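Protein chains: 2
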Amino acid sequence: MAKRQLHLGAILEGVGADHHSWLDPDLPGNASIDINWYIEQARLAEAAKFDLIFIVDSPYITPDTAPHFLNRLEPLTLLSAVAASTSHIGLVGTLTTSYWEPYNVARQFASLDHISRGRAGWNVVTTGLEGAALNYGRDAHFEHGVRYARAREFVEVVQGLWDSYEDDAFPRDRASGTFLDKSKQHRLDHKGTHFSVAGPLALSRSRQGQPVIFQAGDSSEGRALGAAIAEGTFAASQDFESGSAYYADLKARAAALGRNPDHIIVMPGLVPTIAETDEEARAVAEAAQGALSIDKLLTQVGRFFNYHDFSKYELDAPFPDLSGVTLNSYKGGAERVIRIAAEEKLTLRQAAYRFGQWTSPFVGSPETVANEIERWFTGRAADGFNLRVTRPRDFALFREKVVPILQERGLFRSDYADDTLRGHLGLPVPQHRHAQPPVAIAAE
Amino acid sequence: MAKRQLHLGAILEGVGADHHSWLDPDLPGNASIDINWYIEQARLAEAAKFDLIFIVDSPYITPDTAPHFLNRLEPLTLLSAVAASTSHIGLVGTLTTSYWEPYNVARQFASLDHISRGRAGWNVVTTGLEGAALNYGRDAHFEHGVRYARAREFVEVVQGLWDSYEDDAFPRDRASGTFLDKSKQHRLDHKGTHFSVAGPLALSRSRQGQPVIFQAGDSSEGRALGAAIAEGTFAASQDFESGSAYYADLKARAAALGRNPDHIIVMPGLVPTIAETDEEARAVAEAAQGALSIDKLLTQVGRFFNYHDFSKYELDAPFPDLSGVTLNSYKGGAERVIRIAAEEKLTLRQAAYRFGQWTSPFVGSPETVANEIERWFTGRAADGFNLRVTRPRDFALFREKVVPILQERGLFRSDYADDTLRGHLGLPVPQHRHAQPPVAIAAE
Ligand SMILES: Cc1cc2nc3c(=O)[nH]c(=O)nc-3n(C[C@H](O)[C@H](O)[C@H](O)COP(=O)(O)O)c2cc1C
Ligand SMILES: Cc1cc2nc3c(=O)[nH]c(=O)nc-3n(C[C@H](O)[C@H](O)[C@H](O)COP(=O)(O)O)c2cc1C
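Right, here's the structure in full:
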């Protein structure tokens with residue numbers, strides 16, 4: 005078996021999914037809508053041999069939404085433009101199964117997969133924010149369980165459409181006038197609970213067979229979906245202990261379904277704070293904490309509860325009783341907030357600092373950060389990380405100082421061995437569902 | 005007023021929307037799924053100072069569909085990749101209002117508009133082929149009139165979403181910590197017959213304000229839609245007489261709605277056959293006619309009637325009676341076929357040659373083709389043309405021989421004067437619906 009290798013993704017979040025990053029003077033104010041900013045970051049990540057770039061998304065905003073989400077390029081168009089300006093790095097886009105048509109989604113990702121010559125990935129989400137419903141002709145968001153049932157069927161349909169043509173469906177033989185071998189075009193004729201889709205899709209498979217499926221969602225239902233369909237997950241893990249618990253749970257669920265657990269790559273988010281020395285890095289991180297506005301942190305905690313207004317509660321009283329407040333939104337996250345706040349008897353102010361930002365143990369010298377990464381990797385809390393690269397200085401230090409250490413230790417590639425996303429992630433090309441099984445050759 | 009200028013688009017149809025073009029040995033068999041082929045054609049068109057490239061589309065195929073449509077890149081992803089590899093040429097993509105969500109469409113075109121720095125256009129179609137319904141969870145296609153009512157409201161919603169932010173909505177002032185001026189973010193709160201969409205959209209306007217709206221559809225209802233919303237039309241006109249009748253009709257309809265008729269650019273399709281001399285060109289065109297397969301022509305005529313099977317009728321008998329056959333599909337085209345077949349007493353075979361291909365009067369030497377273009381342009385049958393560039397030889401001759409003649413005559417630009425699609429087409433930047441009207445300055 006090939007040696008287990010660390011995987012690295014770069015989440016390109018422009019001016020930031022938080023309310024503070026944009027204040028960094030090194031970050032262009034229009035980063036989120038400037039395709040050249042994305043192309044530049046993607047090229048930097050590619051030069052550092054990252055597996056992929058990762059674009060998060062959401063179909064709902066309010067005036068209080070964090071800067072990046074307020075005004076940003078859309079993932080499929082963005083990634084297609086980046087595809088034309090890169091050659092190796094994987095291109096993963098987030099798209100919700102709650103408010104799209106499977107036929108359109110199948111086409112756009114398959115098209116990106118051709119455009120990038122086999123580098124496309126789809127991060128399947130169900131959308132947490134309930135207001136999204138209002139942008140799509142519905143009075144209310146789908147209930148949490150329904151969202152996941154739809155997601156499961158949606159992905160099944162999309163993957164079915166991706167196999168509309170066998171790999172040798174197009175002889176394009178001018179002599180006989182045969183462009184298509186009609187016997188190798190397949191209708192799907194899916195009729196399910198949530199979708200009916202006939203097909204076929206007007207796109208053949210790419211060099212990697214099908215786009216790679218990622219998934220993000222942390223509740224029990226979210227993990228069940230991931231175990232069933234994901235080939236990679238964007239994990240919410242923010243400390244080693246919960247990270248390794250998630251890792252073990254997800255892989256066990258996949259194994260129980262008969263899947264090879266090595267074929268789900270677990271990649272938590274990683275927000276690094278890097279400096280020459282540990283002391284310096286800690287000082288930078290502390291200064292950043294000191295500059296946080298409590299109002300903005302409360303807004304971000306509110307996001308788990310569909311933008312519930314936390315500003316109306318006493319800051320130094322115990323975390324408020326939220327019975328009656330919706331958990332239908334980010335259920336996994338909301339339950340975690342309530343549970344930990346109770347277990348650790350947090351005040352609202354403490355909870356705001358704890359849950360209103362992506363907390364990170366990746367603070368220190370390049371050596372320290374590399375050690376922590378190695379600990380998570382060898383300790384099976386992660387197969388890799390999705391670096392959130394908003395702060396230019398930390399991204400540069402990560403590429404220039406941390407990555408070389410990981411390479412020296414043999415944890416991370418020094419050069420690409422492949423040029424498809426599946427190749428980078430060590431994932432097999434899925435067999436075509438209509439292909440004949442290979443004829444067994446009798447031994448002797 | 006600026007002198008009226010001819011506009012040129014290049015329809016990039018890969019291996020062809022007909023059943024014969026792919027046999028051309030100069031055309032790569034995988035053109036329709038090779039992004040490098042599209043980028044190369046777009047660059048050639050840009051070098052020849054074309055206004056735009058144009059991507060047609062359809063969300064439904066059968067085994068009998070013409071080669072290009074069977075297996076091709078999707079318009080938004082395709083155009084985003086081309087955007088990153090070009091600098092001036094407009095990028096127009098076709099997308100149906102029958103099977104998408106307005107919020108997603110608004111975002112993707114707005115994103116393309118940013119990526120291309122103001123070069124995006126959307127060709128609004130309602131989809132003719134009834135089988136598309138089966139790919140989107142419906143038993144039957146929307147009825148023709150309903151399709152157009154939905155299209156009208158759909159475009160209204162999308163344009164509303166495009167004005168979610170005023171142009172100065174983002175001060176991004178680090179000193180005061182103000183990223184967004186919240187008073188300049190606007191919800192749409194549209195509640196209509198077919199759609200309800202709250203907004204806002206998470207994208208500001210581009211350099212050209214909003215993407216340019218094209219439209220294709222030839223029935224009376226189709227023209228009514230074009231007159232109301234289109235800033236350009238892809239016209240079905242295949243001869244001067246019907247072309248000038250369409251032109252006059254469309255512009256009169258627009259004027260009746262209080263619009264400036266110069267702000268709808270009429271661009272019929274143009275299939276050129278060019279050679280050194282008229283005789284040679286006619287011989288090439290005749291040889292091409294002789295090579296056509298009658299079966300394939302019948303399939304193409306059938307397309308107007310939702311792939312009605314014409315092979316079951318007598319070829320040399322009068323064009324069959326089609327009462328009972330659906331006109332809900334390509335109504336404008338179907339009615340035209342029936343009307344002309346009756347008026348001119350065509351046999352089925354004659355009708356197949358007449359309607360089973362895009363007939364073209366643009367056959368001859370470069371001079372002859374330029375003359376015919378000038379005749380349509382000055383005679384008000386067209387404001388420009390959408391060149392169907394499947395045959396590499398004719399595209400090369402058009403760029404190298406015909407365009408210079410048009411330039412010498414002062415009909416067509418010799419260099420770009422602008423770098424947005426609106427700029428090329430002479431269209432105004434739409435005023436923002438929430439912007440304050442400029443304060444009138446009292447004259448003395
Ligand atoms: C780490 C993480 C990242 C997510 N990213 C997105 C995203 O980019 N867009 C989105 O609409 N939803 C995103 N989600 C939301 C999920 O799709 C899901 O709707 C929500 O988390 C509720 O599911 P859960 O209770 O299983 O977590 C994310 C969730 C997690 C845990
Ligand atoms: C010149 C022309 C081009 C068209 N191109 C497309 C296309 O690319 N995709 C599509 O789905 N429909 C296309 N249509 C179909 C129209 O959107 C419409 O559904 C159909 O023509 C019926 O409307 P009508 O009766 O007004 O023509 C086209 C129609 C015309 C006339």
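Chains as they are written, first to last, in the working numbering: chain C, 5 to 448; chain D, 5 to 448.
Where is the CB? At the ideal position from N, CA and C, for every residue including glycine.
Quick caveat: nothing in here was measured; it's all calculated off a predicted structure.
| Item | Value |
| --- | --- |
| Proximal residues, the segment 72–89 of chain D versus chain C, C-beta separation under 7 Å | 73, 74, 75, 76, 77, 78, 80, 81, 82, 84, 85, 87, 88, 89 |
| Own chain partners of residue 152 of chain C with C-beta closer than 8 Å, once the 5 adjacent residues on each side are dropped | 130, 221, 225, 226, 228, 229 |
| Residue-chain proximity (residue 429 of chain C, chain D), Cβ-Cβ < 9 Å | no |
| Interface residues of chain D facing residue 3 of chain C [CB-CB closer than 9 Å] | Because chain C here runs from 5 to 448, residue 3 of chain C falls outside it and cannot be looked at. |
| Between the CA atoms of residue 208 of chain C and residue 302 of chain C - distance to the nearest angstrom | 48 Å |
| From D:385, D:134, D:176, residue whose alpha carbon lies closest to that of residue 269 of chain D | D:385 |
| Interfacial residues, the segment 97–109 of chain C to chain D, with Cβ spacing under 9 Å | 103, 104, 105, 106, 107, 108 |
| Where residue 242 of chain C falls, given that 16 or more other Cβ within 10 Å makes a residue buried | buried |
| Straight-line Cα distance separating residue 423 of chain C from residue 123 of chain C | 7 Å |
| Cβ-based contacts, 8 Å cut-off: residues of the segment 125–150 of chain C near chain D | 135, 138, 139, 140, 141 |
| Neighbour flag for residue 186 of chain C against chain D, beta carbons, 9 Å | yes |
| Nearest-angstrom Cβ-Cβ length linking residue 334 of chain D and residue 359 of chain D, presumed shorter than 8 Å | Between residue 359 of chain D and residue 334 of chain D the Cβ distance is about 11 Å, and since that is not below 8 Å, they are no contact. |
| Chain D contact for residue 156 of chain C (CB, 9 Å cutoff) | no |
| Residue 133 of chain C burial status per 10 Å Cβ neighbour count (16 or more: buried) | buried |
| Any non-hydrogen atom of ligand 2 closer than 8 Å to residue 334 of chain D Cβ | yes |
| Residue of D:86, D:17, D:49 minimising C-alpha distance to residue 61 of chain D | D:17 |
| Short Cβ contact (9 Å threshold) for residue 191 of chain D with residue 202 of chain D | yes |
| Chain-ordered chain D contacts of residue 203 of chain C [CB-CB under 8 Å] | 139 |
| Residue 9 of chain C at chain D interface by Cβ criterion, 9 Å | no |
| In DSSP terms, what residue 84 of chain D is bridged to | Answer by DSSP bridge pairing: none, since residue 84 of chain D is not bridged. |
| Environment of residue 181 of chain C [buried if 16+ CB atoms lie within 10 Å] | exposed |
| Buried or exposed (CB count within 10 angstroms, at least 16 for buried), residue 84 of chain D | buried |
| Proximity test, Cβ basis, 9 Å: residue 181 of chain D and chain C | yes |
| Residue from D:278, D:320, D:169 whose Cα sits closest to the Cα of residue 395 of chain D | D:278 |
| Residue 140 of chain D beta carbon near ligand 2 (any heavy atom closer than 8 Å) | no |
| C-alpha distance - residue 184 of chain D paired with residue 379 of chain C, whole-angstrom precision | 41 Å |
| 9 Å Cβ cutoff, residue 92 of chain D in contact with chain C | no |
| Cα-Cα separation, residue 55 of chain D to residue 49 of chain D | 8 Å |
| Minimum Cβ-Cβ distance from residue 116 of chain C to chain D less than 9 Å | yes |
| Chain-order list of residues whose beta-carbon lies under 8 Å from that of residue 448 of chain C (same chain, five-residue window excluded) | For residue 448 of chain C, the predicted model reports a pLDDT of 43, less than 50, meaning its position is unreliable and no value from the coordinates is stated. |
| Run of the alpha helix (DSSP H) containing residue 413 of chain D, from where it starts to where it stops | Per DSSP, residue 413 of chain D belongs to no alpha helix (DSSP H) and is neither H nor E. |
| With 16 other Cβ atoms within 10 Å as the buried cut-off, status of residue 187 of chain D | exposed |
| Neighbour flag for residue 397 of chain D against chain C, beta carbons, 9 Å | no |
| Sufficient close CB pairs (3 or more, under 8 Å) joining the segment 40–47 of chain C to the segment 89–98 of chain D | no |
| Listed by chain order, chain C residues near residue 206 of chain D by CB distance under 7 Å | 65, 73, 74, 75, 76 |
| Bounding residues of the alpha helix (DSSP H) (the contiguous stretch that carries residue 379 of chain C) | 370–382 |
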